[in-house]
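Undergrad:
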Amino acid sequence: MYTNSHPAGGVETPLVELKNWAPNGWRVLLKLECLNLTGSNKDRSGRAMVDAAVRDGRLRPGMSVVEASSGNASCAIAAAAAAHGCSMTALIPPGMARDKVERQRGYGVDIRVTTDDQGGSDPDFRRGVARRWELEEPGRFHTLDQFTNPANPLAHEQGTGRECVQQMRLIRPSIGELGWFVMGVGTGGTITGIARALKDGGSATDAVRTIAADPVGSGVAPRLRGEAWAGGKLEAPDGIGSAKLPENLDASLVDDAVTVARARALEQIGRLRKLEGLLVGPCTGYALAALLDIANWPDDKLGDQPRTALLLASDRGEPYLCDPAVAEAVA
Ligand SMILES: Cc1ncc(COP(=O)(O)O)c(C=O)c1O
31 MYTNSHPAGG
41 VETPLVELKN
51 WAPNGWRVLL
61 KLECLNLTGS
71 NKDRSGRAMV
81 DAAVRDGRLR
91 PGMSVVEASS
101 GNASCAIAAA
111 AAAHGCSMTA
121 LIPPGMARDK
131 VERQRGYGVD
141 IRVTTDDQGG
151 SDPDFRRGVA
161 RRWELEEPGR
171 FHTLDQFTNP
181 ANPLAHEQGT
191 GRECVQQMRL
201 IRPSIGELGW
211 FVMGVGTGGT
221 ITGIARALKD
231 GGSATDAVRT
241 IAADPVGSGV
251 APRLRGEAWA
261 GGKLEAPDGI
271 GSAKLPENLD
281 ASLVDDAVTV
291 ARARALEQIG
301 RLRKLEGLLV
311 GPCTGYALAA
321 LLDIANWPDD
331 KLGDQPRTAL
341 LLASDRGEPY
351 LCDPAVAEAV
361 A
């Protein structure tokens with residue numbers, strides 16, 4: 031393959047069937063977003079948001095994007111921004127896996143670890159800091175704000191989601207209809223964009239049930255289920271979960287939500303590595319564990335939805351191996 035355009039952004043990622051990992055009676059398809067240029071689903075939205083900001087003149091050569099990021103978005107944005115003569119400054123939470131931080135440095139990202147008085151691990155607070163930097167130095171910083179930027183879900187609707195619809199069409203004769211789509215919620219851009227594409231994808235996919243997989247300590251799942259939420263603390267900054275529903279999440283597209291403990295998510299990335307040879311990050315583990323819960327729902331709750339599910343391998347596992355819990359789970 032030859033390309034004369036900059037390779038940032040998503041590529042046509044493969045959809046693979048998890049023949050060994052799948053629960054009994056289920057077919058599970060995993061879209062390998064981890065094969066994108068900087069290794070995650072964020073390549074899709076990162077490039078789309080940067081291109082949109084350059085197009086309408088908000089981001090100009092020499093400027094830096096400043097963003098509250100848990101790591102993947104900042105690598106993706108840095109790769110896309112470099113092609114426009116721009117750089118990336120990331121406001122990251124304390125406690126992020128060391129290799130994830132080093133990987134960002136490798137992409138030229140200027141890393142600022144936010145202290146507790148700057149919001150610490152609270153993404154909303156860090157977004158506020160990014161907005162303040164932009165206001166204080168508008169010619170130097172621009173924040174894309176992936177939590178509200180419409181180019182984020184749109185990139186997943188027109189890119190990732192449309193690819194899923196096309197791939198499902200091709201394999202429908204052998205696999206049948208898709209029944210379920212399970213995904214974590216960070217900014218909500220990925221789940222929203224893909225769910226939109228699946229529901230708009232024609233009669234065969236419009237009945238897909240979309241389920242959010244959410245970490246313990248996050249308010250996303252309880253809020254989506256309409257339950258009271260007393261507050262909580264995330265066990266680790268894995269890129270998904272937050273206190274409130276992100277603006278880029280279209281909750282009307284999400285049919286249900288499942289809360290998953292980190293230990294169970296890690297157990298599933300371990301099983302995926304052992305049974306399928308795929309080494310993915312913890313985010314994917316939350317979706318895998320949520321699907322196991324769904325597969326155990328009573329028949330009346332499952333209804334006659336086809337027992338075929340789509341999940342994303344949203345990033346690679348390597349950057350997390352310095353986290354002993356991850357290393358132990360996948361060994
Ligand atoms: C690995 C990984 N998966 C999933 C997500 C969630 O994606 P989104 O922000 O589009 O909701 C993130 C967000 O940071 C992530 O890093």
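Here this note's numbering = 1-based position in the sequence shown + 30. All C-beta atoms in this analysis are idealised placements derived from N, C-alpha and C, irrespective of residue type, glycine included. Fair warning: this is a prediction, and the values are worked out from it, not measured in the lab.
Drop a sphere of 10 angstroms on the beta-carbon of Gly218, count the other beta-carbons inside from all chains shown, and report buried for 16 or more, exposed for fewer.
TA: By the 10 Å Cβ count, Gly218 comes out buried.
Undergrad: For a test of your reading of the model: does the CB of Cys313 fall under 7 Å from any non-hydrogen atom of ligand 1? Yes or no.
TA: Checking every heavy atom of ligand 1 against the Cβ of Cys313, one is found closer than 7 Å.
Undergrad: For ligand 1, is there a heavy atom less than 7 Å away from the beta-carbon of Ile270?
TA: Answer for Ile270: yes, Cβ within range of ligand 1.
Undergrad: May I ask you to check if the CB of Ser104 is nearer than 7 Å to at least one heavy atom of ligand 1?
TA: No; taking the cut-off as 7 Å, the Cβ of Ser104 has no heavy atom of ligand 1 nearer than that.
Undergrad: Let me know if Pro180 comes out buried or exposed under the rule of 16 or more other beta-carbons within 10 Å of its beta-carbon.
TA: When all chains shown are included, Pro180 counts as exposed.
Undergrad: Applying the criterion that 16 or more other CB atoms from any shown protein chain within 10 Å of the CB defines a buried residue, is Thr240 buried or exposed?
TA: Classification of Thr240: buried, given that the 10 Å Cβ count is 16 or more.
Undergrad: If you drop the 5 nearest sequence neighbours on each side, which residues of the same chain put their C-beta closer than 6 Å to that of Leu305?
TA: So the list reads Asn50 and Trp51, once near-sequence residues are dropped.
Undergrad: Consider the C-beta atom of Gly214 and the heavy atoms of ligand 1; say whether any pair is separated by less than 7 Å.
TA: Yes, ligand 1 has a heavy atom inside 7 Å of this Cβ.
Undergrad: So, helix, strand or coil for Ile241, using DSSP?
TA: Looking at Ile241 - three-state DSSP - the assignment turns out to be strand.
Undergrad: Within 10 angstroms of the Cβ of Gly55, are there 16 or more other Cβ atoms? Answer buried if so, exposed if not.
TA: Under this definition Gly55 is an exposed residue.
Undergrad: Report yes if the C-beta of Asp345 is less than 7 Å from at least one heavy atom of ligand 2; otherwise report no.
TA: Ligand 2 is not among the ligands present in this structure, which contains only ligand 1.
Undergrad: Give every residue of the same chain whose Cβ lies closer than 8 Å to the Cβ of Asp129, excluding the five residues on either side of it in the sequence, and list them in chain order.
TA: Cβ within range, chain order: Glu348, Pro349, Tyr350, Leu351 and Cys352.
Undergrad: Between Ile224 and Arg74, what straight-line distance do the alpha-carbon atoms span, to the nearest angstrom?
TA: Cα-Cα distance, rounded: 12 Å.
Undergrad: For Arg135, which residues in the same chain have their Cβ closer than 8 Å to its Cβ, ignoring the five residues on either side in sequence?
TA: So the qualifying residues of the chain are Ile141.
Undergrad: In chain order, what residues of the same chain lie with their CB nearer than 6 Å to the CB of Ala325, ignoring the 5 residues before and after it?
TA: Here the set comprises Pro53 and Trp56.
Undergrad: Going by DSSP in three states, Thr144 sits in which element: helix, strand or coil?
TA: Three-state result, Thr144: coil.
Undergrad: Just to check my reading of the structure: Leu121 and Val95 have Cβ atoms closer than 8 Å, yes? What is that Cβ distance to the nearest angstrom?
TA: 11 Å between Cβ atoms; not a contact.
Undergrad: By Cβ distance below 8 Å, which residues in the same chain neighbour Glu297 in space, the five residues on each side in sequence not counted?
TA: Within the same chain, Glu297 has close Cβ partners Gly315, Ala319 and Ala359.
Undergrad: Using the three-state DSSP reduction, which class does Pro190 fall into: helix, strand or coil?
TA: A quick correction: the sequence has Thr, not Pro, at residue 190. Here Thr190 sits in helix by DSSP.
Undergrad: Report yes if the C-beta of Lys274 is less than 7 Å from at least one heavy atom of ligand 1; otherwise report no.
TA: No, the Cβ of Lys274 stays beyond 7 Å of every heavy atom of ligand 1.
Undergrad: If you run the structure through DSSP and keep just helix, strand and coil, what is Ser233?
TA: For Ser233, the predicted model reports a pLDDT of 46, less than 50, meaning its position is unreliable; a value from the coordinates is still stated below. Coil, per DSSP.
Undergrad: Where Arg202 and Trp210 are concerned, what is the direct C-alpha to C-alpha distance, given to the nearest angstrom?
TA: Near 14 Å, if we compare the C-alpha coordinates of Trp210 and Arg202.
Undergrad: Quick check: the Cα distance between Val7 and Pro91, rounded to an integer number of angstroms?
TA: Since the first and last residues shown for the chain are 31 and 361, residue 7 lies out of range.
Undergrad: Does the Cβ of Gly189 lie closer than 7 Å to at least one heavy atom of ligand 1?
TA: The answer is no for Gly189.
Undergrad: Going by beta-carbon coordinates alone, are Asn71 and Val41 separated by less than 8 Å?
TA: Not a contact, by the Cβ cut-off of 8 Å.
Undergrad: Taking all protein chains shown into account, decide if Lys331 is buried (16 or more other Cβ within 10 angstroms of its Cβ) or exposed.
TA: Exposed.
Undergrad: Considering only C-alpha positions, which residue in the set Ala361, Ser204, Thr338 and Leu309 is nearest to Leu62?
TA: Nearest C-alpha to Leu62: Leu309.
Undergrad: What do you get for Leu165, buried or exposed, if any count of 16 or more other CB atoms within 10 angstroms of its CB means buried?
TA: The residue in question, Leu165, is exposed, as its Cβ has fewer than 16 Cβ neighbours within 10 Å.
Undergrad: Can you give the beta carbon distance from Asp244 to Thr289, rounded, assuming they're within the 8 Å contact cut?
TA: Right, their Cβ atoms sit about 5 Å apart.
Undergrad: So, are the CB atoms of Ser100 and Val139 less than 8 Å apart?
TA: Not closer than 8 Å, so no.
Undergrad: By DSSP, does Gly76 sit in helix, in strand, or in coil?
TA: The answer is helix: DSSP assigns Gly76 an H, G or I state.
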